[in-house]
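J.:
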């Protein structure tokens, strides 16, 4: 997928407001903590978190999305440390954060998902929070957002394969009606995962 091309529309592909799931799960985050948002796209989630007092670093591989994210941050008068980098090139051990947030980063092939989740875990401080939100395989038939490849979707087992029971706070599959730009719109099959590391 050419994300620069996908984000090269006049509007914001997933809208300017934060993901509904982030609003629902925000109370689990370490308040005002250093927060890393992975695959942040056009900045809707990082800008929201910065507006709430979190010290936010956000990463995405798309230069086009990064420019739009910076514009959004400027328009909302918040500061975010934006980085353009490939998800698979990030050194997860370089720095640890109070919160690590991943919203719909559904491009990790199944043979690499465990490694990716362990990386996110390594980037989370002891006592910190890892928050992930994405699509389940049922989303394929709904077709209201996300990839068309079922192997890129998450299930509860995606997370229980990697995290211990006593770390997991939320691991829930559900359906929700999303209205998040043209990219996420309509009844959707979702999963929320929150762990305290």
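In the working numbering, the protein residues as written are 23 to 219. Think of the CB as a built atom: it goes at the ideal place given N, C-alpha and C, for glycine as much as any other residue.
#1: Could you tell me whether the segment 64-79 touches the segment 97-113, where touching means 3 or more Cβ pairs closer than 8 Å?
#2: Which first and last residues belong to the alpha helix (DSSP H) in which residue 80 is found?
#3: What residues in its chain sit with their C-beta under 7 Å from that of residue 128, if we drop five residues either side in the sequence?
#4: In whole angstroms, give me the CA-to-CA distance for residue 184 and residue 152.
#5: Quick check on the DSSP output: what are the complete alpha helix (DSSP H) runs of length 4 or more inside the segment 70-134, in order along the chain?
#6: Within a Cβ cutoff of 7 Å, which residues of the same chain sit near residue 62, ignoring the five residues on either side of it in sequence?
#7: Under 7 Å, do residue 78 and residue 121 count as touching if we go by C-beta distance?
#8: Give me whichever residues DSSP pairs with residue 57 in a beta bridge.
#9: Per DSSP, what are the beta-bridge partners of residue 218 in this structure?
#10: Spatial neighbours of residue 214 within its chain, please: C-beta separation below 7 Å, excluding the five flanking residues on both sides.
#11: Have a look at 95, 93, 130 and 209 and flag the residue whose alpha-carbon is nearest the alpha-carbon of residue 111.
#12: Taking 7 Å as the cut-off, decide whether the C-beta atoms of residue 64 and residue 87 are in contact.
#13: Pull up the distance between the alpha-carbon of residue 49 and that of residue 116, whole angstroms please.
#14: Do residue 211 and residue 164 have their beta-carbon atoms positioned less than 7 Å apart in this structure?
#15: Looking only at C-alpha atoms, which of 179, 150, 159 and 180 sits nearest to residue 171?
#16: In chain order, what residues of the same chain have a beta carbon less than 8 Å from the beta carbon of residue 109, not counting five sequence neighbours either side?
#17: Candidates 132, 145 and 218: which alpha carbon is nearest residue 188's?
#18: In whole angstroms, what is the alpha-carbon distance linking residue 58 and residue 123?
#19: Between the Cα of residue 177 and the Cα atoms of 132, 142 and 96, which residue gives the shortest distance?
#20: Taking all protein chains shown into account, decide if residue 141 is buried (16 or more other Cβ within 10 angstroms of its Cβ) or exposed.
T.: Answer, in terms of the structure:
#1: yes
#2: Looking at the DSSP string, residue 80 is not in any alpha helix (DSSP H); the run it does join, the beta strand (DSSP E), is 77-82.
#3: 156, 157, 168, 169, 174 and 175
#4: 13 Å
#5: 85-97
#6: 68, 80, 81, 82 and 91
#7: no
#8: 78 and 121
#9: 151
#10: 43, 47, 155, 192 and 194
#11: 130
#12: yes
#13: 27 Å
#14: yes
#15: 159
#16: 60, 61, 81, 83, 127, 129, 130 and 138
#17: 218
#18: 6 Å
#19: 132
#20: buried
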